[in-house]
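Q: Residue numbers (my numbering): 1339 to 1433.
Here a beta-carbon is modelled for each residue, glycine too, at the ideal position from N, C-alpha and C.
Have a look at the structure that comes next, please.
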Amino acid sequence: MRFDASWASQTFKTKVRSRTLDPRWAHDEVPRVEGSCASEDALRHLSLYVSVWDADRASSDDLIGAFVLPLDLTWSAGDVHAFSETVLRDGQAHG
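Right, here's the structure in full:
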């Protein structure tokens, strides 16, 4: 998985899970996405773009799908939250 946001200082990625069609990562294997914005109130108007890719050795990686995680929930900076989203590609559930 790859995590991107205009407010983040970089792109964050999980490690590749080989030989599985149902990859899972432990909490400590998912990177903490860090960045900055003007205020905690501004944070509630931002989103995190999460994309899922397959890893190819012989060619470029292929996008499986993606979703947008809005940060407009009642979160505070530094909080940890579980989430469940549908990965979409071309408007259809994928992956």
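Given a threshold of 16 other Cβ atoms within 10 Å of its Cβ, counted over all protein chains shown, does F1350 qualify as buried or as exposed?
A: Counting from 1 along the sequence shown, the entry for residue 1350 is found at position 12. With 16 or more other Cβ atoms within 10 Å, it is buried.
Q: Pick out the complete alpha helix (DSSP H) segments inside the segment 1348-1402, 4 residues or longer, and give them in chain order.
A: Complete alpha helix (DSSP H) runs here, min 4: 1378-1381.
Q: Less than 7 Å between the beta carbons of V1418 and G1403, yes or no?
A: What you label residue 1418 is simply residue 80 of the sequence shown in a count that begins at 1. What you label residue 1403 is simply residue 65 of the sequence shown in a count that begins at 1. Their beta carbons are not under 7 Å apart, which means V1418 does not touch G1403 by this criterion.
Q: What is the rounded straight-line gap between the Cα of S1398 and the Cα of A1420?
A: As a working mapping, residue 1398 is identified with position 60 in the sequence shown. As a working mapping, residue 1420 is identified with position 82 in the sequence shown. Those two C-alpha atoms are separated by around 30 Å.
Q: List the DSSP bridge partners of F1490.
A: Residue 1490 is absent from the structure shown; the chain starts at 1339 and stops at 1433.
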